[in-house]
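By UniProt numbering, the letter at position 4 of the sequence shown is numbered 4, and the numbering carries on one by one without gaps.
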Amino acid sequence: MKMRFSSVTPSTNAIADIGSINGEPALHTEEDKGFIRSRSSKASKRPGLSRVSKSSEVSSIIDLKKADAAAELAAKEAEFNAMQEQAKFKEDIAKMEAELARRKQELEQIEVKKQMEIARAKLKVYQEVKEFDDDRDEESVEDGPRHIPSIQTEPKITL
């Protein structure tokens, strides 16, 4: 970007101070300042110079506006890219949360199945105990009262 300062007419004080900057004595008299004023006003009244100056000034303003627009565009692009990255992270987080919820539900189902199998095993054991007890009762009914054989002895004869 080129910056042109040809349209700027220096002030009297600025020109007067130039001498002191270069190591020469500054112009302090009213006569010297008047001479400088007349020279700078004559230069700005030339028709060709003012036309070029205005063109340079317009070009400089346009260059500044272009630079400003480019900076604004770069900022908006950076903001847009950041928003896209945030959206991607949010999408990834949503997927992870959905997966976590699915796995929690699966874990709950596994726990319920485990409880069902424990209950089923208990029921089976109780049924087996009942059947065993029923079988024992049936055996004692089939045998009837237990008959203990008596031992008979022959009578003793004494003489």
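All C-beta atoms, glycine included, are put in the ideal place defined by N, C-alpha and C.
A residue is called buried when at least 16 other Cβ atoms come within 10 angstroms of its Cβ; residue 53 meets this threshold and is buried. When rounded, the separation of the alpha-carbon atoms in residue 96 and residue 124 is 42 Å.
For the pair residue 83 and residue 119, the Cα-to-Cα distance works out to about 54 Å. Leaving aside the five residues that flank residue 78 on each side, none in its chain has a CB nearer than 8 Å to its CB. Excluding its 5 nearest sequence neighbours in each direction, residue 132 has no C-beta neighbour in its own chain below 8 Å.
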